[in-house]
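Scroll down for the structure; my scribbles are underneath it.
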Amino acid sequence: MREEYEKLDKVVMSIWECCELLNEFIDESNPDLDEPQIEHLLQTAEAIRRDYPNENWLHLVGLIHDLGKILLHNNAALSKILTTTILPSTPSMEFTLKDMGLTM
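Structure (structure tokens):
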């Protein structure tokens, strides 16, 4: 996967265009399936801004934290893009990994 995407030569777009493109697919790992992805990004950034008003860099991180999922637009497997940490103590972790085609 690294060889395919490390060049960053697939498309040129702004951060906002990237956020809008996320609305074109459903993220099955997101429990809020009724909520557009861009809404999730904005709510996350706003919650961080409210709680940490002096940390401008952190507001940006909240906004862009899911932008890696844009790779799904190219029909990449969610299990290769999902950045959620699955710890051994996670309830039903073995079933989650199996559903994603992963093993420990």
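Residue 604 is where the sequence shown starts when you use this note's numbering, and the numbers rise one by one after that. Glycine included, C-beta positions come from ideal geometry on N, C-alpha and C. The model shown is predicted, which means the values in this text are computed figures rather than measured ones.
Alpha helix (DSSP H) segment containing Asp654, residue limits: Along the sequence shown, read from residue 1 onward, the residue named residue 654 stands at position 51. Unbroken alpha helix (DSSP H) run through Asp654: 640-654.
Please state the DSSP three-state secondary structure of His662. Within the sequence shown, the letter at position 59 stands for residue 662. Correct three-state label for His662: helix.
At the level of alpha carbons, what is the spacing between Asp612 and Glu620? As a first step, residue 612 must be located in the sequence shown, where it is residue number 9. As a first step, residue 620 must be located in the sequence shown, where it is residue number 17. Their backbone Cα atoms lie some 16 Å apart in a straight line.
Enclosing alpha helix (DSSP H) for Ile673 [first to last residue]: The sequence position of residue 673 within the sequence shown is 70, counting from 1. From DSSP, Ile673 is part of no alpha helix (DSSP H); its letter is neither H nor E.
Taking the CB atoms as reference points, tell me whether Gly671 and Thr647 lie closer together than 8 Å. Translated into the one-based positions of the sequence shown, residue 671 becomes position 68. Translated into the one-based positions of the sequence shown, residue 647 becomes position 44. Not closer than 8 Å, so no.
What does the alpha-carbon distance come out to for the pair Asn659 and Val614? Residue numbering aside, residue 659 sits at position 56 when the sequence shown is read from its first letter. Residue numbering aside, residue 614 sits at position 11 when the sequence shown is read from its first letter. C-alpha separation (whole angstroms): 27 Å.
How far does the alpha helix (DSSP H) with Leu625 in it extend, from its first residue to its last? Sequence index remark: in the sequence shown, residue 625 carries index 22 (1-based). In the DSSP assignment, Leu625 falls outside any alpha helix (DSSP H) and carries neither an H nor an E.
With distances taken Cα to Cα, identify the nearest neighbour of Glu649 among His662, Gln640, Asn626. Numbered from its first residue, the sequence shown carries residue 649 at position 46. Selected option, being the one with the closest Cα: His662.
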